[in-house]
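**Q** Take the sequence shown: its letter number 52 is residue 52 in the numbering used here, and every next letter is one higher.
Here it is: the structure, laid out below.
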Amino acid sequence: METVGFIGLGNMGGGMAGNIQKAGYPMVVFDVREEATRPFLEAGARLANSPADVASRSDVTLTSLPGPREVESVAVGPEGILEGIKPGSIYIDLSTSRPT
Numbered sequence: 001m002e003t004v005g006f007i008g009l010g011n012m013g014g015g016m017a018g019n020i021q022k023a024g025y026p027m028v029v030f031d032v033r034e035e036a037t038r039p040f041l042e043a044g045a046r047l048a049n050s051p052a053d054v055a056s057r058s059d060v061t062l063t064s065l066p067g068p069r070e071v072e073s074v075a076v077g078p079e080g081i082l083e084g085i086k087p088g089s090i091y092i093d094l095s096t097s098r099p100t
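Spelled out as C-alpha cells, the structure:
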C-alpha cells in the first residue's frame, strides 16, 4: 500500500488526512503547528521534520495550505517538497487558491 504524505493539517487538511488515515493508508505528516499532528501520530502516522522529508518518505504527497504564498514556500522553498520528492511519486495540491 502506498505511503501518503500530508502537509497542512488545519480545518480542511485535517479532515482530508483523517479520512485517508481511516482508510488504512500509512501516513507521514507535517504541519507548522506541531499540535495539529498529534491526533495523526496517536493513530500511527509518522512525523516528518520538513516538507522535503514528507516527500522523500511518501509515494503520494498532498498539501492543503491557506493560499498560493504558502504553497510556493512549501513546494519550492528551502526544504520544500521538490528537494525531497522521489522519481515516480505524485504531488497533489488541495490548497485554497485563486486564479493568476
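Quick reminder that beta carbons are idealized off the backbone N, C-alpha and C, glycines included.
(1) Assess contact between the stretch 77-89 and the stretch 40-55, defined as three or more Cβ pairs (one per stretch) separated by less than 8 Å. Is contact present?
(2) In angstroms with no decimal places, state the Cα-to-Cα distance between G10 and A36.
(3) Excluding the 5 residues flanking L65 on each side, which residues of the same chain have their C-beta closer than 7 Å to its C-beta?
(4) Can A43 and G5 be called in contact, C-beta distance under 8 Å?
(5) Just reading off the beta strand (DSSP E) that D93 is part of, what are its end residues?
**A** Taking the coordinates as given:
(1) A contact exists between the stretch 77-89 and the stretch 40-55.
(2) 7 Å
(3) G8, V71, V74, S95
(4) no
(5) 90-93
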